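Each residue of the sequence shown is one higher than the one before, counting from 158 in my numbering. Beta carbons: idealized from backbone N, C-alpha and C, even for Gly. Fair warning: this is a prediction, and the values are worked out from it, not measured in the lab.
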Amino acid sequence: MAKSKLRIQDEPALRQELETLILSSSQALLVEWSIETARRNLKEAQLSELETKTIDSAFQVALAKMKGEGRAYDVRVAGFAVHQLVDSVQDPIKISVLRVCGQAVGVAHMREHAQVMADYAIKAINQKHPGDLEAVAKERRLQIESLQTFIRNQKEIAD
């Protein structure tokens with residue numbers, strides 16, 4: 158298992174299970190899953206109109222790239238725009254949630270961002286519920302279950 162790049166309190170077995178699923182998934186599937194995960198985490202942050210527009214636009218750029226309608230450069234610019242939103246934010250939970258969104262966009266450029274995105278979601282949980290491993294396990298289970306659903310749906314479409 159690759160060690161998290163973030164300092165987080167985690168459930169290692171669940172992180173490993175998620176990592177295994179991520180490694181076996183296509184980049185296009187991971188982009189969709191990452192954006193869904195980010196949207197779910199956005200409920201933890203009060204966003205301004207500008208922040209909402211920037212994030213929605215970046216998500217569209219990432220999805221377009223997976224359809225062959227964009228360039229890696231466009232994805233990188235969109236991801237950086239989301240990460241730049243952090244510069245004016247003081248709330249650590251909101252910062253982590255914005256990082257979740259930026260990493261979700263980055264998955265369209267490099268699939269490795271999917272695990273980092275999931276880890277930032279755990280960081281937000283750690284900040285909201287310090288020391289609560291049950292809350293961490295709940296988020297990891299949600300990540301695993303939603304990715305499994307995406308994988309199942311992809312297989313059904315292929316059949």
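**Prompt:** Do you know whose CA, among E296, E226 and A159, lies nearest Q173's CA?
**Reply:** The option with the nearest alpha carbon to Q173 is A159.
**Request:** Measure the C-alpha to C-alpha separation of K162 and F237 and round it to an integer number of angstroms.
**Result:** In a straight line, the C-alpha of K162 is about 18 Å away from that of F237.
**Prompt:** Using the rule of at least 16 other Cβ atoms within 10 Å of the residue's Cβ for burial, across every protein chain shown, is E313 buried or exposed?
**Reply:** Exposed: under 16 other Cβ atoms inside 10 Å.
**V293 versus I179: straight-line alpha-carbon distance, rounded** = When rounded, the distance between both Cα atoms is 18 Å.
**Extent of the continuous alpha helix (DSSP H) run through R164** = Careful: R164 lies outside any alpha helix (DSSP H) and carries neither H nor E.
**Asked** Where do the N-terminal and C-terminal ends of the alpha helix (DSSP H) with K222 fall, by residue?
**Response** In this chain, the alpha helix (DSSP H) harbouring K222 covers E206 to M223.
**Message:** Threshold first: 4 residues or longer. Then list the alpha helix (DSSP H) segments lying entirely within the segment 240-296, N to C.
**Reply:** Listed in chain order, they are 249-263 and 270-285.
**Request:** Please state whether DSSP places A202 in a helix, a strand or coil.
**Result:** Residue state for A202 is assigned as coil, using DSSP reduced to three classes.
**Prompt:** Are the C-beta atoms of H266 and some chain B residue less than 9 Å apart?
**Reply:** This model lacks chain B altogether; it includes just one protein chain.
**Asked** Quick check: the segment 237-249 against the segment 180-189, are there 3 or more CB pairs under 8 Å?
**Response** No: fewer than three Cβ pairs fall under 8 Å.
**Message:** Restricting to Cα atoms, I'd like to know which of I308, Q300, Q284 and E291 is closest to I165.
**Reply:** Q284 is the residue among I308, Q300, Q284 and E291 whose C-alpha sits nearest the C-alpha of I165.
**Prompt:** Using the beta-carbon count (16 or more within 10 Å), is N310 buried or exposed?
**Reply:** Exposed, since its Cβ has fewer than 16 Cβ neighbours within 10 Å.
**Item:** Pairwise C-alpha distance: L304 and A278
**Value:** Going by the C-alpha atoms only, they are around 14 Å apart.
**Asked** What's the gap between the Cα of Q217 and the Cα of E291?
**Response** Each residue's CA atom was taken as its position, placing Q217 and E291 some 33 Å apart.
**Request:** Figure out for me which residue from G288, K251, V246 and R233 has the closest Cα to the Cα of V264.
**Result:** Relative to the Cα of V264, the nearest Cα in the group G288, K251, V246 and R233 belongs to R233.
**Message:** Between L175 and I282, how many whole angstroms is the CB-CB distance? I'm expecting something under 8 Å.
**Reply:** Contact between L175 and I282 fails: their C-beta atoms lie close to 14 Å from each other, not under 8 Å.
**Request:** For D231, I'd like the list of residues in its chain whose CB is within less than 6 Å of its CB, leaving aside the five on either flank, ordered along the chain.
**Result:** Its chain contains V218 as the residues whose beta carbon lies nearer than 6 Å to that of D231, once the 5 sequence neighbours on both sides are disregarded; these appear in chain order.
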